[in-house]
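Accompanying notes for the structure given below.
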Amino acid sequence: MKPFLPMTLAALLAATSAMATEVKIAFNGVNDPETNAEAAFIAGFAAALEGTGFEVSVFPSDTLGSERERFDQVAQGLLEINLATASTPYGMSPMMRGIALPFLFESPEEFDRVMAETDLVAQMNEPLSPNGVRLAGFTFVGMPLGIHNTSVPVTTMEDLQGLRLRALNAEQLAYIQALGASGTIVAWAEVPNAIQTGVADGYLNAPNSAIRTGHTEFLRHFTQANITPSTRIVLMSEDWYDMLSADEQAQIDAAVEAGIAANRAWIADWSTIVEDRHRAAGVTLSDLAEGERDRMVAATRPTWDDVMEADHLQAFLDALDAVRD
931 MKPFLPMTLA
941 ALLAATSAMA
951 TEVKIAFNGV
961 NDPETNAEAA
971 FIAGFAAALE
981 GTGFEVSVFP
991 SDTLGSERER
1001 FDQVAQGLLE
1011 INLATASTPY
1021 GMSPMMRGIA
1031 LPFLFESPEE
1041 FDRVMAETDL
1051 VAQMNEPLSP
1061 NGVRLAGFTF
1071 VGMPLGIHNT
1081 SVPVTTMEDL
1091 QGLRLRALNA
1101 EQLAYIQALG
1111 ASGTIVAWAE
1121 VPNAIQTGVA
1131 DGYLNAPNSA
1141 IRTGHTEFLR
1151 HFTQANITPS
1161 TRIVLMSEDW
1171 YDMLSADEQA
1181 QIDAAVEAGI
1191 AANRAWIADW
1201 STIVEDRHRA
1211 AGVTLSDLAE
1221 GERDRMVAAT
1231 RPTWDDVMEA
1241 DHLQAFLDAL
1251 DAVRD
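Per my numbering, residue 931 is the first one in the sequence shown, and the count goes up by one each step.
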């Protein structure tokens, strides 16, 4: 009996070790790297971990629950990584509202520089970490946000009057209204029904979003207004990460970087074909008239103060100044 016990313990330890190396990643989209930029992140992340002992398990299409449910699972240590909408942690880290302010960042490249070269990520993580959540990085779902709608070629702010646009949250609703449209908050899963029944006439999103989801069947117009980068976030279980060895943490950090690089490469590739895809789908592409984007910037600027605490907004403005200098 004595030789049997050590073997049993060894088997149990091996099983425990195998469970500890699983990395579950959940998100709301389909796991198709050809059509989904977040799936491209996952593919890059998983490839970087090959041969390390970590095993990546992917849970797409909200199979582990809604945005809020997945956030709670990360905080409880039940889910290692969640690709989430940027607004999910607002209640816990209000400073994160700065990520999606309209016309704050001149480009996605500037956004990346600000997050890499300043301490904004550390500041946003301060209230997250004690609650079991780590902001580990940012993904883009496509190019910057533009205006999708059913019936109007939008070239001026006046063209937005009479349109009711789907809003992701109260913050986006505020700047939709500042642009002259009306808005209504609708969950993403309910968007097709809302638009086809007239509850909403369109939405603000990356240009490839309507192509990826098949919404081009009813969203027949698109205007690239470069409102804000189409940012989502990589959330990691703080408790799980803290339990890893230093070498394992380095492997996970490198995998996140590889995933982000794959995500950005996907965006670069799609930026060359998205207009052709729109035209092939019968979508009319419009440009803002000269000076209209400046008008939009001026109209939405007051919403920054309405949705952000003054010190949080100033931190973003200071970070931008540091990068632009």
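We put the beta carbon where it would ideally sit given N, CA and C, even for glycine. A quick note: this is a predicted structure, and the numbers were derived from the prediction, not measured.
Per DSSP, cross-strand counterpart(s) of residue i
i	result
A956	F989, N1012
I1141	For I1141, which the question treats as bridged, DSSP gives no partner whatsoever.
N1193	BP columns for N1193 are empty, so no partner.
N1061	Answer is none; N1061 lacks a bridge partner.
N1099	Answer by DSSP bridge pairing: none, since N1099 is not bridged.
S1175	Paired residue(s): none; S1175 is not in a bridge.
L1031	DSSP output for L1031 lists no bridge partner at all.
H1151	N1079, T1214
N1156	DSSP output for N1156 lists no bridge partner at all.
V1164	L1013, G1067
G1132	N1079, L1095
T1114	R1096
Euclidean distance between Cα positions of residue i and residue j
i	j	result
I1115	N1123	13 Å
P1032	R1043	18 Å
A1191	E1010	20 Å
V1071	A970	10 Å
M1054	M1026	6 Å
F1001	V1237	22 Å
A1130	D1224	26 Å
E1119	E997	Note on residue identity: the sequence assigns Ala, not Glu, to residue 1119. About 12 Å.
T1233	T993	35 Å
A944	G1189	Note on A944: pLDDT 48, under 50, position unreliable in the model; the coordinate value appears next. Their Cα atoms are separated by approximately 29 Å.
F1068	V1164	6 Å
F989	G1007	16 Å
A1066	D1169	13 Å
M931	K954	Residue placement at M931 is flagged as unreliable, the pLDDT there being 43, under the threshold of 50; the coordinate-derived value follows with that caveat. Whole-angstrom Cα-Cα distance: 38 Å.
E999	A1014	11 Å
D1255	G995	43 Å
T1086	A1136	19 Å
E1239	L979	39 Å
R1207	E1187	29 Å
A1030	A1198	21 Å
D1183	R1142	29 Å
N966	A1211	18 Å
Q1126	L1149	10 Å
G974	M1166	16 Å
V1213	D1177	49 Å
A1020	Q1107	Note on residue identity: the sequence assigns Tyr, not Ala, to residue 1020. Roughly 21 Å between the two C-alpha positions.
S1081	A1180	50 Å
Burial state of residue i (16 or more Cβ within 10 Å)
i	result
M1173	exposed
S947	Residue placement at S947 is poorly supported in this model, since its pLDDT is 48, which falls under 50; the coordinates still yield a value, given next. Counting Cβ neighbours within 10 Å, S947 comes out exposed, since fewer than 16 surround it.
A1004	This sequence places Val at residue 1004; Ala is not what is there. By the 10 Å Cβ count, V1004 comes out buried.
N1251	Reading off the sequence, residue 1251 comes out as Asp, not Asn. D1251 is exposed by the Cβ-count criterion.
F934	With a pLDDT of 43 at F934, under the threshold of 50, the modelled position of this residue cannot be trusted, and the question is left open.
S991	exposed
Q1102	buried
E1088	exposed
E968	buried
S1175	exposed
D1248	exposed
R1064	buried
R1194	buried
Below-8 Å beta-carbon distance, residue i vs any chain C residue
i	result
M1045	Of the protein chains in this structure there is only one, and it is not chain C.
Answer yes if the region 1096 to 1114 comes into contact with the region 1240 to 1252, meaning at least three C-beta pairs across the two stretches below 8 Å, and no otherwise. no
So, does the region 1191 to 1210 touch the region 980 to 998, judging by three or more C-beta pairs under 8 Å? no
Whole runs of the alpha helix (DSSP H) within the region 1211 to 1255, excluding any shorter than 4 residues: 1222 to 1237, 1240 to 1254
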